[in-house]
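With the numbering used here, the residue at position 214 of the sequence shown is 837, and numbering never jumps.
Ideal Cβ positions, reconstructed from N, Cα and C, are used throughout, including at glycine.
Input: a single structure, listed below in C-alpha cells.
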Amino acid sequence: MDQIKPGAGREPGAGIAPVDVVGLARQLIDIESTTGHEGEVGAWLASYLRGRGYSVLEQPLEPIGLPVPGSRVPTQSRINVIAAVGEPEVVFSTHFDCVPPFFPSRVEAGKLYGRGACDAKGILAAQVAAAERLREKGETRIGLVFVGGEERGSDGAKAANRIASKSRFLINGEPTDLRLGAATRGCFRVRLTASGKAAHSGYPELGESAIEKLLDCLVALRSADWPSDALLGKTHYTIGLMSGGVAPNVIPPNAEAEVFFRTVGDHAPLREMLRATLADRVAITEILELPAVRMHTVAGFETAVFSYFSDIPFLDNWGTPLLLGPGSIHVAHTDREHIAIDELNRAVETYEQLAASLLSS
C-alpha cells in the first residue's frame with residue numbers, strides 16, 4: 624500500500640504567500656488534460672505544490688485511451704497528486720482530468736471560461752487557496768488528493784484509495800453551487816439487444832423486425848413505476864444510444880439501445896422491475912453500476928441533492944465524505960463552461976470555514 628509522509632517543508636504559517644485563485648485556475652485550465660492525458664497538468668501541479676512546501680506523492684496511473692482527435696496532447700504518463708505538510712485529518716479532493724474538447728481560459732464579464740473552469744480545475748484552485756489560508760494560520764492537518772480519470776471510471780480515485788490515511792473527513796469537489804451535497808444518485812447502465820429475422824422489405828411477413836421489438840420495449844419503460852426515495856426522488860433514465868438494421872429495404876435482424884438509469888437506492892428492485900417490464904423480449908447486458916451515496920452535512924451550510932455521481936464511492940479510506948464546490952453542473956461538459964469569479968473567491972472562504980468546522984468537531 625502506498626503512503627505519503629508528512630511534509631518537512633516550511634514551518635506552519637511561515638512566509639506563506641496568498642494564492643491567486645483565478646491565476647492558478649487559469650494556469651491549470653490552459654494545460655490540456657483530457658482523460659488519459661493528465662500527465663502534463665499533474666506534473667505541473669506537483670511541482671507547484673512542492674514549491675509551496677508540500678510533501679508530494681506522484682502516484683502513477685495505468686495508461687488509458689487513445690489520442691483524442693484534434694488534441695494537442697500526446698499519450699503520456701498519468702499520475703495522481705497527493706500532498707500534505709502534516710498528518711491530514713481533513714482532505715480536499717477533486718479531479719484534474721476533463722472531457723473533450725479542450726478550450727483555453729478567458730475572463731469575460733466577471734466570469735472565468737475554459738475547459739475545467741467549474742469541472743473541476745477552478746474547484747482545485749479554490750481548495751489549494753483554502754488549504755494555504757489554513758496553513759497561514761498554523762493549521763497543518765489538511766491534505767490534498769487530486770486525481771485523474773474521474774470522467775471515465777474513476778481509476779485515479781481507486782488508486783488513491785490504496786494510500787494509507789488517517790484522515791477523518793474528505794471534502795470532495797464537484798460543481799454544487801456552493802451547497803453541501805446531502806446525497807448523489809447512483810447509476811445503472813444497460814444494453815438492450817433485440818434479435819429478429821432478416822427478409823426482403825416487400826415481404827415483411829417473412830421476417831421479424833428487431834427494431835420494432837426494441838421500440839416496443841423502450842415504450843414499455845415509460846409506464847414502469849421505477850423505485851423512488853424520499854430524499855433523492857424517483858429513478859429516471861435516458862436512452863442514450865440506439866442502432867440497428869442493415870439497409871433501408873431489409874427487415875432488420877438486429878437492434879440495440881443503451882439505457883442509463885440514475886438511481887436512488889439499492890439496485891435489486893430496479894433489476895427485477897426491468898426484467899418484468901421487458902418480459903424476455905430483449906437480452907439485457909449490464910455495463911456499469913455505481914451506488915447512490917449519502918454524504919455528511921454540517922449545520923449552517925445550505926444543502927442539496929444531485930443527480931450526478933462523483934469519486935466519493937471510491938475514496939472511502941479518506942474519511943467521512945462531504946461534497947461541495949463552486950459552479951453549476953449545468954454548464955459543465957459544455958462549450959460555455961464557466962464559473963463566476965465572485966463565486967470562485969467565495970469558494971475559498973467556504974472551503975476554509977468548512978474545514979475549520981470539521982477540524983474542531
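Task: Buried versus exposed, by CB contacts within 10 Å (16 or more), PRO876 - done: buried
Open item on the list: Here's the rule I'm using: 16 or more other beta-carbon atoms within 10 Å means buried, otherwise exposed. How should ARG959 be labelled?
Closed with: exposed
Task: Proximal residues to MET624 (C-beta, below 6 Å), its chain only, five neighbours per side dropped - done: Because MET624 carries a pLDDT of 42, less than 50, the predicted location of this residue cannot be relied on, and no value is offered for it.
- [ ] Compute the Euclidean distance between the alpha carbons of CYS810 and ARG675, then round it to the nearest angstrom.
- [x] 39 Å
TODO: Please confirm whether ALA707 and SER670 have their CB atoms less than 8 Å apart.
DONE: no
Task: ALA906: first and last residue of the uninterrupted alpha helix (DSSP H) it sits in - done: Looking at the DSSP string, ALA906 is not in any alpha helix (DSSP H); the run it does join, the beta strand (DSSP E), is 906 to 913.
Task: Coarse secondary structure for LEU841, derived from DSSP in three states - done: helix
Open item on the list: Does the structure place the segment 836 to 853 close enough to the segment 940 to 950 that three or more beta carbon pairs sit under 8 Å?
Closed with: no
Task: Distance between GLU881 and GLY632 (C-alpha atoms, nearest Å) - done: Note that GLY632 scores 44 on pLDDT, short of 50, meaning its location in the model is unreliable and no value can be drawn from it.
Task: For ARG852: DSSP bridge partner residues - done: It is worth fixing the name first, because residue 852 is Asp in this sequence and not Arg. Its beta-bridge partners are GLY856.
TODO: Please classify LEU789: does DSSP put it in a helix, a strand, or coil?
DONE: Note that residue 789 is Lys in the sequence shown, not Leu. The answer is coil: DSSP assigns LYS789 none of H, G, I, E or B.
TODO: Determine the closest residue to VAL644 out of THR920, SER790, GLU755, with distance taken between C-alpha atoms.
DONE: GLU755
Task: Limits of the unbroken alpha helix (DSSP H) element including ASN940 - done: Element bounds for ASN940: n/a, residue is neither H nor E.
Open item on the list: Assuming the contact rule is C-beta atoms closer than 8 Å, THR886 and THR926 should be a hit. Round their C-beta distance to whole Å, please.
Closed with: Wrong, their Cβ atoms sit about 20 Å apart, outside the cutoff.
- [ ] Note down the Cα distance separating VAL714 from LYS789, rounded to an integer number of angstroms.
- [x] 10 Å
Open item on the list: Rounded to the nearest angstrom, what separates ARG969 and GLY745 at their Cα positions?
Closed with: 12 Å
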